[in-house]
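What follows is a single structure, written as structure tokens, with notes after it.
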Amino acid sequence: MTSNVTRRSLLALGAGLGATTMLGETVLAKAPKLGTQPSYFYRFDLGNTEVTVVSDGPLLLGPPKGTFIGVPDDAVKKMLSDNFLSPENVMLEQNSPIVNTGDKLILFDTGMGTAKNFGPTTGRQQKSMKEAGIKPEDIDAVVFSHAHIDHIGGVVGEDGNVLFPNAQYYIAQSDFDFWTDEGKAGGPLKDFVLHARKNLLPVRDRLVFYKDGQEFLPGVQAIAAPGHTIGHTIFMVTSNGKSFAFLGDLTHHPILLLEKPRMQFSYDTDPAQAAETRVKLLDMIAAQKIPVMAYHYAWPGVGHIAKTGEGFHYYPEAMDLYR
């Protein structure tokens, strides 16, 4: 059987349907706009451990000019817009993995906390943990990649009380010494120093200083990554033959500091050293095909890094919602 459908007949059909709808006073179902998002946590398995990624919320850096250095401003903006990202306001995430080994519950980095230096959308880590069913008093260990404001900010609350009362805290001694130095509180690092002192000094008696290459917690090895800060560190997390690298601030942006990894970042203590460290460690991660957990990449920051010419490319891993 053949059907002779013409443009005119389709138009006529459409007009007829419209008239029928009007005459019958038929309306489509309506529903209110909800205006809410799902919970801000994600879980996956790593060997015998369970990893829960919680968010402290998006962090707004503002225009890239003056922050991403060494490449012409127009080229930086084009890199962003070519990847469907805003060329006027660089947004980073803050993804913290919580690793449950069965014996210990280990949190990596604590977000901005009460500070609002980078916009009003930060400071939700405690809320994210509650959504994930994790109580702060159950955290056994808090591991800091470094002592910048957006990584140590959630140790104390608005009232100054410690939010993880039963935890041991881990950091590189060089970073602790540098960022809690009261002598730096009057200079350009003032906000960072005051925030570090506010959050780290209350737990000074519970701080443990890890060293490069040390497995300081079961399945957690420190790998020095200096340049972003003097004691900046990334971590290899391993369980039953499976691993991922928690990158901390080895690379803040999945486009700008991967496609052009020698681009410099203005928040680095030593931008040249940070670029060298970035290339060296990303080369290792890409060559060994080690999965990554990226603190500042788009939520939830779980993926893979591959070498591409002089740079790298990030491949986010599909979220497994059926585990």
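Numbers in our numbering are just positions in the sequence shown, counted from 1, shifted up by 968.
Ideal Cβ placement from N, Cα and C applies to all residues, glycine included.
Values in this document were obtained by computation on a predicted structure and should not be read as measured data.
Check whether residue i and residue j have beta carbons under 8 angstroms apart
| i | j | result |
| --- | --- | --- |
| Ile1066 | Leu1060 | no |
| Val1176 | Gly1187 | no |
| Pro1222 | Ile1037 | no |
| Asn1063 | Pro1268 | yes |
| Asp1180 | Ile1191 | yes |
| Phe1214 | Leu1014 | no |
| Ala1135 | Thr1148 | no |
| Thr1237 | Ile1202 | no |
Nonlocal neighbours in the same chain, by C-beta distance under 7 angstroms from residue i, ignoring five residues either side
| i | result |
| --- | --- |
| Phe1280 | Leu1226, Pro1229, Leu1250, Ala1254, Ile1273, Ala1274 |
| Lys1152 | Val1161 |
| Val1260 | Phe1212, Ala1213, Leu1215, Ile1253, Gly1271, His1272, Ile1273 |
| Val1083 | Contrary to the premise, residue 1083 reads as Ala rather than Val in this sequence. Counting only Cβ-Cβ distances below 7 angstroms, and skipping sequence neighbours, we find Ile1117, Gly1121, His1163. |
| Thr989 | Reliability of the predicted coordinates at Thr989 is poor, the pLDDT of 48 falling under 50, and no value is obtained from them. |
Neighbourhood of residue i by C-beta, 6 angstroms cutoff - its chain only, sequence neighbours within 5 removed
| i | result |
| --- | --- |
| Ser1096 | Tyr1008, Phe1009, Val1022, Ser1023 |
| Ala987 | Here Ala987 scores only 47 on pLDDT, less than 50, and its place in the model is too uncertain to base an answer on. |
| Asn1016 | Ser1207, Asn1208 |
| Lys1031 | Inspection of the sequence shows that residue 1031 is occupied by Pro rather than by Lys. So the list reads Glu1056, once near-sequence residues are dropped. |
| Arg1011 | Thr1020 |
| Ser1049 | Pro1055 |
Limits of the alpha helix (DSSP H) - the one that residue i falls within
| i | result |
| --- | --- |
| His1304 | Residue coverage of the chain in this structure runs from 969 to 1291, which leaves residue 1304 outside it and unanswerable. |
| Met1097 | 1093 to 1099 |
| Lys1275 | Unbroken run through Lys1275 is the beta strand (DSSP E), 1270 to 1276; no alpha helix (DSSP H). |
| His1163 | 1158 to 1168 |
Other residues of its chain near residue i: CB distance less than 8 angstroms, five sequence neighbours each side excluded
| i | result |
| --- | --- |
| Ala980 | At Ala980, the pLDDT of 48 sits below 50, so the modelled position is not reliable; the number obtained from the coordinates is stated separately. Counting only Cβ-Cβ distances below 8 angstroms, and skipping sequence neighbours, we find nothing. |
| Leu1185 | Lys1072, Ile1074, Ala1109, Val1111, Tyr1138 |
| His1119 | Asp1077, Thr1078, Gly1079, Phe1112, Ser1113, Gly1216, Asp1217, Tyr1263 |
| Ser1027 | Here residue 1027 is Leu; the residue named in the question, Ser, does not match the sequence. The residues are Met1059, Leu1060, Glu1061, Gln1062, Met1080, Phe1086, Gly1087, Thr1089, Thr1090, Asp1118, His1264. |
| Asn1051 | Ile1223 |
| Phe1233 | Thr1035, Phe1036, Ile1037, His1196, His1220, Leu1225, Pro1239, Ala1242 |
| Thr1069 | Asn1016, Thr1017, Pro1186, Gly1187, Ser1207 |
| Lys1046 | Pro1055 |
Beta strand (DSSP E) segment containing residue i, residue limits
| i | result |
| --- | --- |
| Val1176 | 1175 to 1177 |
| Ile1117 | Premise fails: Ile1117 lies in the alpha helix (DSSP H), 1117 to 1120, not in any beta strand (DSSP E). |
| Lys1228 | It is not in any beta strand (DSSP E) - Lys1228 carries neither H nor E in the DSSP assignment. |
| Phe1343 | Residue 1343 falls outside the range modelled here, since the chain spans only 969 to 1291, and no answer is possible. |
| Val1110 | 1109 to 1111 |
| Tyr1290 | Here Tyr1290 belongs to no beta strand (DSSP E), and DSSP marks it neither H nor E. |
Residues sharing a beta bridge with residue i, DSSP
| i | result |
| --- | --- |
| Gln1141 | Answer is none; Gln1141 lacks a bridge partner. |
| Phe1203 | Ala1190, Phe1214 |
| Pro1239 | Answer is none; Pro1239 lacks a bridge partner. |
| Phe1233 | Phe1036 |
| His1281 | Ala1274 |
| Val1124 | Val1130 |
Near the ligand SAH: residue i beta-carbon under 7 angstroms from a heavy atom
| i | result |
| --- | --- |
| Leu1060 | What this structure holds is no ligand at all, so the ligand SAH is not there to describe. |
- What are the complete beta strand (DSSP E) segments, minimum 3 residues, inside the segment 1004 to 1076? Entirely contained in the segment 1004 to 1076, the beta strand (DSSP E) runs reaching 3 residues are, in chain order, 1009 to 1014, 1017 to 1023, 1027 to 1030, 1058 to 1060, 1063 to 1068, 1073 to 1076.
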